[in-house]
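With the first letter of the sequence shown counted as 1, position 120 gets the number 197 in our numbering; the numbers rise by one all the way through.
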Amino acid sequence: MTPHSGIFIRPDQAFLNSTRRIEVMKGRLLQIANFFKELPIVFAPSALVLLTAVSSYPQEIHPAEIDSLLQNSIRATINQNYPHALAEIDQVIARAPESPLGHLFRAATLQAIMLDYEDDREEKEFYKSLKNCRTRAEKLLRQQPNSAWAHFYLGSAQGYESFYVSKHRRYFQAFQLGLKSIHHLETAVQLDPKLYDAQLGIGTYKYYRSKLSNKLPVPLFSDERAAGIAMVRQTIAHGKYARYAAINALTWILLDEGKPAEAFALADSALQEFPNSRFFLWGAGESAVRLGEFQRAQDYYRHIMTTLQQENKLSSYLEAVCRTKIAKVSFLGGQIETGCQELATARQLDVPHDDWHKDIKKDIATLASQCAKSPAAANGHSTSH
Numbered sequence: 078m079t080p081h082s083g084i085f086i087r088p089d090q091a092f093l094n095s096t097r098r099i100e101v102m103k104g105r106l107l108q109i110a111n112f113f114k115e116l117p118i119v120f121a122p123s124a125l126v127l128l129t130a131v132s133s134y135p136q137e138i139h140p141a142e143i144d145s146l147l148q149n150s151i152r153a154t155i156n157q158n159y160p161h162a163l164a165e166i167d168q169v170i171a172r173a174p175e176s177p178l179g180h181l182f183r184a185a186t187l188q189a190i191m192l193d194y195e196d197d198r199e200e201k202e203f204y205k206s207l208k209n210c211r212t213r214a215e216k217l218l219r220q221q222p223n224s225a226w227a228h229f230y231l232g233s234a235q236g237y238e239s240f241y242v243s244k245h246r247r248y249f250q251a252f253q254l255g256l257k258s259i260h261h262l263e264t265a266v267q268l269d270p271k272l273y274d275a276q277l278g279i280g281t282y283k284y285y286r287s288k289l290s291n292k293l294p295v296p297l298f299s300d301e302r303a304a305g306i307a308m309v310r311q312t313i314a315h316g317k318y319a320r321y322a323a324i325n326a327l328t329w330i331l332l333d334e335g336k337p338a339e340a341f342a343l344a345d346s347a348l349q350e351f352p353n354s355r356f357f358l359w360g361a362g363e364s365a366v367r368l369g370e371f372q373r374a375q376d377y378y379r380h381i382m383t384t385l386q387q388e389n390k391l392s393s394y395l396e397a398v399c400r401t402k403i404a405k406v407s408f409l410g411g412q413i414e415t416g417c418q419e420l421a422t423a424r425q426l427d428v429p430h431d432d433w434h435k436d437i438k439k440d441i442a443t444l445a446s447q448c449a450k451s452p453a454a455a456n457g458h459s460t461s462h
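This is the structure in structure tokens:
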């Protein structure tokens with residue numbers, strides 16, 4: 078036996094050493110658990126990812142007509158004109174009821190609505206559209222096993238469901254769905270390398286999987302962040318339906334990479350075309366914060382509240398989120414009184430107590446503690462210049 082064998086260690090030392098090993102193992106297991114908890118986000122299409130293709134339409138359907146309806150629905154979704162977006166998609170379904178196409182777009186739009194308003198009122202219709210898409214895609218796949226579009230439809234539907242269940246903290250289910258989604262999307266691209274819209278889902282997956290994996294003591298996957306970013310850029314350059322979704326996705330990736338100037342330029346380019354789109358206002362606001370442009374960031378968050386008020390959709394939760402972000406930005410800019418006033422308003426809002434909404438209450442409480450310590454806030458004076 079070597080001097081390091083257990084028999085040469087005193088019982089108390091053995092206990093301490095085993096305890097340390099257990100603590101190390103627990104720490105690593107916790108890191109791995111957190112990795113799998115966060116991993117579902119990498120399978121998620123962006124909030125307005127509307128992916129599909131016109132190549133598999135029935136011959137009697139005119140692709141130009143369908144394409145026009147789909148492009149109209151995308152622009153309406155980005156502008157938060159959801160009734161018009163759904164009406165355009167319903168026309169697609171009426172023209173090709175057995176195609177997965179319209180049902181996928183419908184599910185994507187319903188998910189965009191739920192993410193925008195942070196509620197799940199459209200859940201029943203969302204699952205109905207997913208089922209309609211999935212059953213039709215599976216039928217198409219049985220008929221044409223090498224159909225890139227069949228794999229694309231099925232993978233996209235699974236991706237939407239993966240993201241939705243992850244929002245409800247059903248992480249293992251989200252992980253399983255996500256793996257299936259990526260398998261079908263990668264198969265679609267292998268069968269048709271020019272299916273650029275599908276590269277968005279794969280690219281975001283590669284990026285975030287690598288980033289989360291790198292947090293572990295021993296990474297589970299190779300670092301494919303650069304490859305993932307390149308795929309998202311390909312979608313921006315060549316994608317037909319997912320270009321704006323890719324712009325939104327790349328904005329947040331660039332922020333994650335510590336490149337706020339490039340992220341802001343990207344979000345701002347979309348806002349030039351869609352000035353009231355909350356899909357891009359959130360990213361522009363965060364980019365402005367990272368650049369130290371605090372007043373501009375406040376303006377973005379107030380604009381988000383204004384657009385929601387105009388639509389009569391400013392829920393207590395969304396107002397709390399906006400006011401909390403304004404408070405954070407105010408503190409960063411030295412406007413302590415303004416920040417504390419925003420928090421005081423946010424604390425009065427009746428925010429639901431479920432898992433979906435509970436984090437904002439913690440943020441408010443944490444920030445409010447700064448107001449209690451601030452003489453400027455107590456005396457009603459701002460420290461800004």
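A virtual CB, placed ideally from N, CA and C, is assigned to each residue, including glycine.
### Task
Check Gln425 in the structure and name its three-state DSSP category.
coil
#### Entry: Host alpha helix (DSSP H) of Asn156 (start-end)
Premise fails: Asn156 is in no alpha helix (DSSP H) and is neither H nor E.
### Message
Closest to Asp197 by C-alpha separation, out of His245, Trp359 and Gln148, would be which residue?
### Response
His245
### Query
Thinking just about the alpha-carbon of each residue, which of Val428, Asn223 and Ala326 is nearest to the one in Leu391?
Val428
#### Entry: Contact set for Asn223: own chain, Cβ-Cβ below 8 Å, skip 5 residues either direction
Leu268
#### Entry: Anticipated Cβ contact below 8 Å, Ala397 with Ala423, distance rounded
5 Å
### Query
Roughly how many whole angstroms lie between the Cα atoms of Thr443 and Leu181?
41 Å
### Task
Out of Arg247, Lys208 and Ala338, state which residue places its alpha-carbon closest to the alpha-carbon of Tyr230.
Lys208
### Query
Is the number of C-beta pairs between the segment 246-258 and the segment 210-220 that are closer than 8 Å three or more?
no
### Message
For Lys438 and Thr383, I'd like the C-alpha separation in whole angstroms.
### Response
22 Å
### CA nearest to the CA of Glu388, picked from Leu368, Arg355 and Val406
Arg355
### Residue from Pro352, Glu175, Phe203 and Ser176 with nearest C-alpha to Leu163
Phe203
### Query
In three-state DSSP terms, what is Tyr318?
coil
#### Entry: Exposure label - His261; buried when at least 16 CB within 10 Å
buried
#### Entry: Own chain, CB closer than 7 Å to Ile324, minus 5 neighbours either side, in chain order
Ile313, Leu343 and Ala347
### Query
If you count every other CB in all the chains shown that lies within 10 Å of the CB of Val266, and 16 or more means buried, which is it?
buried
### Message
I'd like to know if the segment 234-244 and the segment 175-191 are in contact, where contact means that at least 3 CB-CB pairs between them fall below 8 Å.
### Response
yes
### Query
What are the uninterrupted segments assigned as alpha helix (DSSP H) that are 4 or more residues long and contained completely in the segment 362-401, given in chain order?
371-387
### Message
Rounding to the nearest angstrom, what Cα-Cα distance links Ile441 and Asp376 in this structure?
### Response
20 Å
#### Entry: Arg379 versus Gln418 - alpha carbon distance
14 Å
### CA-to-CA distance, Pro160 to Val295, given in whole angstroms
48 Å
#### Entry: Simplified DSSP state of Leu272, which is helix, strand or coil
coil
### Message
Quick check: Arg183 and Ser206, are their CB atoms within less than 7 Å of each other?
### Response
yes
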